[in-house]
Amino acid sequence: MEPEDLPLESLISIARYAKYRAAARGDHAKASRLYIWNTHLSAAYWPAIAMVEVAIRNALNAQLCMKIGCTPQTGWHVDALSDRPRIHLLDRELDKLKKSLLSFDRKHNHDSGQRQIEPTGDDVIGGTSLGLWVALCGEGAPKLDPCYNYHRNLWRPTLHKAFPGYEGARIQDKPGPIRDALREFERLRNRIAHHEPIYMFKHNYQVENIFRLAGWLDNSLARFLRKNDQVTPVLNDYARAVAKEEEAVARS
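In terms of the working numbering, the sequence shown opens at residue 1141 and continues consecutively.
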């Protein structure tokens, strides 16, 4: 059975399939193959994305715990959600912590009516989204209130230490390259997680961006991911398939 034999418009919706049909200039067979290849490519990215995402979260989490002098088991979220926090977060970031707590309570305290089992810091941090951590490496909202200046209050004193492999200008003062890399990593990760098309991305850049982030976190992680790269073979297979198809068209 070939991809074009699948009723993709019914299975994934007309609107979603239209993106692939447009890219294939209306050719149903090509659009179907493009959709299937997009799923293979997304799957190939996922192991590296998963490892780097968790490493980012854990490295930043460790720095925040050190900042306030708590253990990862206790968790810095207790301070951030307190009435007199030392780590001041905007509502959008606090909501992400609260969402993680709510998810924990639904799973572990759903029959009690009140919290019987207290979550550890690891429980809360494990349930947070990548968006929280990318935001914490950003500017925050210094114009709203100086306490929400993430660059001055979080990045310069502590969060930059989560990226010991970074080489370049003073990382404390010039976080631009790391912020850009994190945002691009988040964009790719979220599109894959939501089953969106990624075929149009510049994949050599995306792969290198993942390796670069990994290296800033830990050189051994970057070496491992390079050695076990699953994306490039999928890209090469598609390039060979396209070339073969073009040869067949030329001969016809």
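Glycine included, C-beta positions come from ideal geometry on N, C-alpha and C. In this text, all values refer to a predicted model and were calculated from it rather than measured experimentally.
Task: Own chain residues within Cβ distance below 6 Å of asparagine 1289, not counting five before or after - done: Excluding sequence neighbours, asparagine 1289 sits near Gly1280 and Pro1282.
Taking the straight line between their C-alpha atoms, what separation do you get for glycine 1209 and proline 1304? Computed Cα separation, rounded: 20 Å.
Going by DSSP, what residue range makes up the alpha helix (DSSP H) through phenylalanine 1303?
For phenylalanine 1303, there is no enclosing alpha helix (DSSP H), as DSSP marks it with neither H nor E.
Discussion item. At the level of alpha carbons, what is the spacing between alanine 1383 and asparagine 1376?
Written reply: In this predicted model, alanine 1383 has a pLDDT of only 49, less than 50, meaning its place in the structure is not dependable; the value taken from the coordinates is given anyway. Rounded to whole angstroms, alanine 1383 to asparagine 1376 spans 11 Å at the Cα level.
From which residue to which residue does the alpha helix (DSSP H) around serine 1177 run? In the sequence under discussion, the amino acid at residue 1177 is tryptophan, which differs from the serine named in the question. Per DSSP, tryptophan 1177 belongs to the alpha helix (DSSP H) from 1168-1208.
Compute every distance between the C-beta of valine 1274 and the non-hydrogen atoms of the ligand ATP, then say whether any falls below 7 Å. Summarising the ligand content, the structure contains no ligands, and the ligand ATP is consequently not present.
Report task. With DSSP as the reference, label glycine 1280 as helix, strand or coil. Result -> Three-state DSSP puts glycine 1280 in a strand.
Under 8 Å between C-beta atoms of methionine 1141 and leucine 1361
Not in contact: methionine 1141 and leucine 1361 (Cβ atoms no closer than 8 Å).
Answer yes or no: do leucine 1276 and leucine 1200 have a C-beta to C-beta separation smaller than 8 Å? Yes. Within cutoff.
- Query: Counting along the chain, where does the alpha helix (DSSP H) carrying aspartate 1245 start and finish?
  - Reply: Looking at the DSSP string, the run of the alpha helix (DSSP H) that includes aspartate 1245 is 1231-1248.
For alanine 1188, does the count of other Cβ atoms within 10 angstroms reach 16, so buried, or fall short, so exposed?
Classification for alanine 1188: buried.
Legend entry - Straight-line gap, arginine 1363 to leucine 1357 (C-alpha atoms, nearest Å): Using only the alpha carbons, I get a separation of about 12 Å.
Three-state secondary structure (DSSP) of asparagine 1289 = It is a strand residue.
**Request:** Hey, could you find the ends of the alpha helix (DSSP H) phenylalanine 1341 is sitting in?
**Result:** For phenylalanine 1341, there is no enclosing alpha helix (DSSP H), since its DSSP letter is neither H nor E.
According to DSSP, simplified to helix, strand and coil, what is glutamate 1144?
Glutamate 1144: helix per DSSP, three-state reduction.
Review point. According to the neighbour-count rule (16 or more other Cβ atoms, all chains shown, within 10 Å of its Cβ), is aspartate 1263 buried or exposed?
Key: With 16 or more Cβ atoms within 10 Å of its Cβ, aspartate 1263 is classed as buried.
For glycine 1271 and isoleucine 1257, the rounded distance between their alpha carbons
Whole-angstrom Cα-Cα distance: 27 Å.
For valine 1371, the nearest candidate out of Trp1186, Ile1196 and Ser1243 (CA to CA) = It is Trp1186.
Would you call the CB atoms of lysine 1301 and threonine 1268 closer than 8 Å? Their beta carbons are not under 8 Å apart, which means lysine 1301 does not touch threonine 1268 by this criterion.
TODO: Assign alanine 1171 to buried or exposed, taking buried as 16 or more other Cβ atoms, counted over all protein chains shown, within 10 Å of its Cβ.
DONE: Per the 10 Å Cβ criterion, buried.
Checklist entry - Count the other CB atoms within 10 Å of the CB of asparagine 1178; is the residue buried (16 or more) or exposed (fewer)? => result Flag for asparagine 1178 reads buried.
Fill in: The alpha helix (DSSP H) enclosing isoleucine 1227, as first and last residue numbers
Counting along the chain, isoleucine 1227 falls outside any alpha helix (DSSP H), and DSSP gives it neither H nor E.
Checklist entry - If you draw a straight line from the C-alpha of valine 1157 to the C-alpha of leucine 1148, how long is it? => result Per the sequence shown, the amino acid found at residue 1157 is tyrosine instead of valine. Note on geometry: alpha-carbon atoms of tyrosine 1157 and leucine 1148 lie some 7 Å from one another.
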